[in-house]
Amino acid sequence: MNLEADSTSFLGLRPLPARSRGSGDGASTKNGFLGFELRPSLRTKLLMAFLAIEMLLVSVGVIGLLSLREADQRANQVVGLQQKIEAYRQMQHNTLRQLYGVSTALAFPNETTLAVVLRQINQFGYDLDRVSFVAKDEVALLNQVREEYARFIAVVSHIVDLIRGGRAAEAKQSEFAELGPLADKLERLTNQLVNRAEADMVAGIDASRQTYVKSQILVAAVALVSFVLTLVLGHAISRSVIDPVRIIHDGLNRIAAGDFAQRIEVPNRDELGELAAHVNSTCDELQQLYRSLEEASRHKSQFLANMSHELRTPLNAVLGFSELLLDGIYGDPPEKMRSALERIQRNGRHLLGLINDVLDLSKIEAGQLRLSLADYSVEELVNVVHTSVEPLAADKNLSLRIAVPAGLPPARGDERRLAQALFNLVGNAIKFTDRGEVRIEVEAGVDSYVFSVQDTGPGIDEADQARIFQEFQQVDNSITKAKGGAGLGLAIVKRIVEMHGGQIWIESRLGHGARFSFLVPARLEQQATQT
Amino acid sequence: MSKRVLVVEDQEDNRQILRDLLASVGYEMIEAHDGEGALAVARAQSPDLILMDIQLPILDGYEATRRIKAQSDLRHIPIIVVTSYALGGDEEKARAAGCDAYVAKPYSARKLLETINRYLT
């Protein structure tokens, strides 16, 4: 394993991919350094941020510990100074007691008072050791003190000897001439020491207070900086996550809406950047797929349009000749032949209708159908349809009613196509209704007309209502099977209505008939764009 | 003298239907199989009426109609255009080319005859 490669990947440095991945990556190579580019992953970013916060916390702790240590040192210092002062005072006290002891021994020279003086001398040695232990730094003064003490003790010893020898006057003389001045000198020296120690102590306490204030400020400052840094880092991280997520989300919405040309651009070079690149490449694939599907669909429609045209030519001849035969052009046909010719005519026209439906739909789908817009009379349009379906209704003993408001102003649209739409709806209604009536109604709205066809047929189940406007879809039941049909009529109606910028809907309940309605603008000046 | 109708139609079966139909009412039928032929026959025989199919080889019905109507000595001949099943726009195109009437396939022989009679009686 290559250690170097390993460490670079940990830092988020990755070798540039040999092949540029998408157009968005082209710019990034500018930021590359010696063939590497900085691509911190999301994980690395988060890790870094938490590490930074962690380091701040640790530094606050370290600063606190250092301040504590300093405070502890100061406290120790103060304690040491106090001990020093105490030791000095003890020495002063001892000197005094020694002076008293000597005075007492001179006043009452006996073994008891002398013993007190001698014990005091021992105590001196002990106190001297203690002072030299607690005040190692005061070498010069201490040596002086030590010398003076040695002298003081020597004088005391001498006085004790004099008292023992009964030379009280000499002893008194010695006390007065030597011991007093020595004690004074010692007191001055120890006072000097005490003063110094006290001054040190005051300085120490002062420094300690300053240290406290300083560390307070430092901790507060570091805490404040951490707070701000945490906010900034949190904001930066969440921005670098939330913003691209939102951009990708919007992009996906646009893709879902069918916009394949767009590209999602996020500044991230991390997982989210990769995700965006992925979405982009998927979008490209979708676009290609969509185009090929569109093309296939166009080819299909073109094929159907051509095919149905080819089918119609011979069929027209069949219909033409059978009509001439029926009309007696070639001589009066016998009754049996007439009936057969009528069947040829009927079936031929049915076949032609189916072929025309396929042609219509495929032409609409291939985008070849153009509306021819002109002024028309709604009343006349309904009458034309009525006339052509009347025989069908009469054959089934259905009553056919019309309700059109009188005096409607001229409308504008493709009259022939709208008539075809209405015809298909009425034709269906008659086809599926066995008794009762079929009503054709027109309602004039604001800038629009609603054409409705109401029947008393079997009705359409709610689940089927959504499907019936799709091509080749029929309500699948025994009734439709018996009635036949290719299921193209409603799809054509829907397309015609949509090309007029209108809409179509159905209201029906199983067993309670159906009402198909379509709304078209009263005056259409321009064909609606197909979606 | 019987009226002469020029039928411009490339499909023999369709011509036969019209032949039989026109003969049954005593019209004489002359034929052309494409747009160019229609121009030549119209000029040579000056028929009383032209029945013009739209989908024709060489020169389509619209163009043939336009050319005939562009000539002063032929302009008076009524032209009935027969389109195949129309999807909108055909009628406008036919009118724009200058035809007098317009019949969409599939036509009923009887109705076509009615239209023809309108121009010949």
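These protein sequences, in sequence, are chains R and E. Anchor point for the first sequence: position 528 equals 528 in the working numbering, and the numbering is continuous, going up by one each time. Anchor point for the second sequence: position 76 equals 76 in the working numbering, and the numbering is continuous, going up by one each time. Note that beta-carbon positions come from the ideal geometry of N, C-alpha and C, so glycine has one too.
### Query
Shortest alpha-carbon distance to E198/R belongs to which of Y88/R, A236/R and V358/R?
Y88/R
### Query
Can you find a CB in chain E that lies within less than 8 Å of the CB of H500/R?
no
#### Entry: Supposed contact pair L224/R and A52/R - C-beta distance, whole angstroms, cut 8 Å
So it is not a contact: roughly 15 Å between Cβ atoms.
#### Entry: G26/E, buried or exposed, once every other Cβ within 10 Å from all chains shown has been counted against 16
exposed
### Task
Compare the C-alpha of L233/R against each of S508/R, F50/R and G502/R and name the closest.
F50/R
### Message
Contact defined as beta carbons within less than 8 Å: I believe R451/R pairs with S517/R. What is the distance between those atoms, to the nearest angstrom?
### Response
According to the sequence provided, residue 451/R is Phe. The question's Arg does not apply to it. Contact flag correct, Cβ pair sits at about 7 Å.
### Task
Pick helix, strand or coil for I329/R, following the three-state DSSP scheme.
coil
### Query
Across which residues does DSSP place A104/E in a beta bridge pair?
T83/E
### Query
Should D53/E be labelled buried (16 or more other beta-carbon atoms within 10 Å of its own) or exposed?
buried
### Range of the contiguous beta strand (DSSP E) that encloses L49/E
L49 to D53
### Task
Compute the beta-carbon to beta-carbon distance between D97/E and T115/E, rounded to the nearest angstrom, for a pair I have assumed lies under 8 Å.
The question names Asp, but residue 97/E is Ala in the sequence shown. Incorrect: roughly 17 Å between the Cβ atoms, too far for contact.
### Task
Kindly indicate the opening and closing residues of the alpha helix (DSSP H) around D375/R.
D375/R -> not in any alpha helix (DSSP H); beta strand (DSSP E) instead, spanning A374 to Y376.
### Message
According to DSSP, simplified to helix, strand and coil, what is F518/R?
### Response
strand
### Query
So, is the C-beta of S46/E closer than 8 Å to a C-beta in chain R?
no
### Message
Is it buried or exposed, K387/R, if we count other Cβ atoms within 10 angstroms and call 16 or more buried?
### Response
A quick correction: the sequence has Thr, not Lys, at residue 387/R. T387/R should be labelled exposed.
### Message
Alpha carbons only, please: which of I264/R, L272/R and R515/R is nearest the one belonging to C283/R?
### Response
I264/R
### Query
Is L57/R helix, strand or coil by DSSP?
helix
### Message
Between E525/R and chain E, is the shortest Cβ-Cβ distance under 8 Å, so that the two count as touching?
### Response
no
### Task
Ignore the nearest five residues each way along the sequence and tell me which others in R239/R's own chain have a CB closer than 7 Å to its CB.
none
### Task
For G436/R, count neighbouring C-beta atoms within 10 Å of its own C-beta (all shown protein chains included) and say buried if the count is 16 or more, exposed if not.
exposed
### Beta-carbon neighbours of E415/R, restricted to chain E and to distances below 9 Å
The premise fails here: E415/R is roughly 10 Å from chain E at the closest Cβ pair, so nothing lies under 9 Å.
### Task
Using alpha carbons as the reference points, say which of I237/R, L373/R and Y330/R lies closest to S24/E.
Y330/R
### Extent of the continuous alpha helix (DSSP H) run through F451/R
Per DSSP, F451/R belongs to no alpha helix (DSSP H); it is in the beta strand (DSSP E), S448 to D455.
### Task
Have a look at H278/R and E285/R and give me their C-alpha separation to the nearest angstrom.
11 Å
### Message
Residues of chain R with CB closer than 7 Å to the CB of R110/E, please, in chain order.
### Response
D327
### Message
I want to know whether the segment 328-345 of chain R touches the segment 384-400 of chain R - three or more CB-CB distances under 8 Å.
### Response
no
#### Entry: Limits of the beta strand (DSSP E) - the one that I504/R falls within
Q503 to S508
#### Entry: Proximal residues, the segment 266-290 of chain R versus chain E, C-beta separation under 8 Å
none
### Task
Examine chain R for any beta-carbon lying closer than 8 Å to the beta-carbon of I116/E, and answer yes or no.
no
### Query
Can you list, in chain order, the residues of its chain whose CB lies under 6 Å from that of L510/R, leaving out five sequence neighbours each side?
G459 and D461
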